[in-house]
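Visitor: Quick one: the structure is below, and I'll ask about it shortly.
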Amino acid sequence: MTESVWTTFGKTSGGGGSGGNFLRPSKLKDKQSVKFRILGSPVEGFERWTTENKPVSIALGEPWPAGHEWRPGKEGNPKMFASMPVWNYAEEAVQVLTFTQATIREQLSSWATHEEWGDPTGYDLTLKRTGTTKEDTKYALVPSLPKPCPEVAVAAWDAVLKAGFDLNELFTGGNPFAPTGNSKPENDADIPF
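Under our numbering, residue 197 is the last one in the sequence shown; the count climbs by one each step, no gaps.
If you want it as structure tokens, here you go:
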């Protein structure tokens, strides 16, 4: 396996269902699963909520912006998150998978760095949720055998990239699908398959 963003994905410890353009594991119901294909490189950062009930996200290693009042107590603590573009098979659409669950990050990192699986843009993944409360909810991430990305997903991803898709918009409060140009774009324009 060659050196890639997946080599270091999920190696930083935390410390500090779907709808529209986003796929969020916490929105899945008990025993519900979703099959997807990762289309490009992830971004990782921290998210924290203000007392005005607005999220603020920063990239790893960046300082928190001044001028915000943070929610008090555990509810206001920063949570590590990861986001990446995916093809959601059920929705037949490009979405941004965003999650804060450490178990998902650990499982994805395990598959991504496994010598026989490697870069997760080369195979589909199925994420299943079991449990109904925060205390008993568990997530399982299972890979499918490697195969080429479906042509419809490649075409949709290419169209999204041509429209200016930029995951770094998440760090400025923007929408990756409607970039404002305020983010610091990374070189992620190539389709990896």
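Just so it is clear, CB atoms sit at the ideal spot from N, CA and C, and this is done for glycine as well.
These figures come from a predicted structure and were not determined experimentally.
(1) Does the separation of the CB atoms of Pro59 and Glu51 fall below 8 Å?
(2) Cβ of Val98 within 8 Å of Cβ of Leu32?
(3) Where in the stretch 65-133 do unbroken runs of the beta strand (DSSP E), each at least 3 residues long, occur, reported from the N-terminal end onward?
(4) Take Lys83 as the anchor and find which of Val146, Ala157, Trp68, Pro89 has the nearest alpha-carbon.
(5) Applying the criterion that 16 or more other CB atoms from any shown protein chain within 10 Å of the CB defines a buried residue, is Val156 buried or exposed?
(6) What does the alpha-carbon distance come out to for the pair Asn172 and Pro180?
(7) Kindly give me the distance between the Cβ atoms of Pro150 and Tyr127, rounded to whole angstroms, as I take these residues to be in contact under 8 Å.
(8) Considering only the alpha carbon of each residue, which of Phe175, Val158, Gly178, Pro89 lies closest to Arg28?
(9) Could you have a look at Leu43 and say whether DSSP puts it in helix, strand or coil?
Guide: Taking the coordinates as given:
(1) Within the sequence shown, numbered from 1, the residue matching residue 59 stands at position 55. Within the sequence shown, numbered from 1, the residue matching residue 51 stands at position 47. Yes, they are a contact pair.
(2) One-based indexing of the sequence shown puts residue 98 at position 94. One-based indexing of the sequence shown puts residue 32 at position 28. Against a cut-off of 8 Å, the Cβ pair of Leu32 and Val98 comes out as no contact.
(3) If we require 3 residues or more, the beta strand (DSSP E) runs fully inside the stretch 65-133 come out as 83-92, 97-103.
(4) If you number the sequence shown from 1, residue 83 lands on position 79. The candidate whose alpha carbon is nearest that of Lys83 is Trp68.
(5) Translated into the one-based positions of the sequence shown, residue 156 becomes position 152. That one is exposed.
(6) Numbered from its first residue, the sequence shown carries residue 172 at position 168. Numbered from its first residue, the sequence shown carries residue 180 at position 176. Distance from the CA of Asn172 to the CA of Pro180, rounded to the nearest whole angstrom, comes to 7 Å.
(7) Sequence index remark: in the sequence shown, residue 150 carries index 146 (1-based). Sequence index remark: in the sequence shown, residue 127 carries index 123 (1-based). Confirmed, Cβ separation roughly 4 Å.
(8) On the sequence shown, position 24 is the one that residue 28 refers to. With distances taken between Cα atoms, Arg28 lies closest to Pro89.
(9) Counting from one through the sequence shown, the residue named residue 43 turns up at place 39. Of the three classes helix, strand and coil, the one that applies to Leu43 here is coil, per DSSP.
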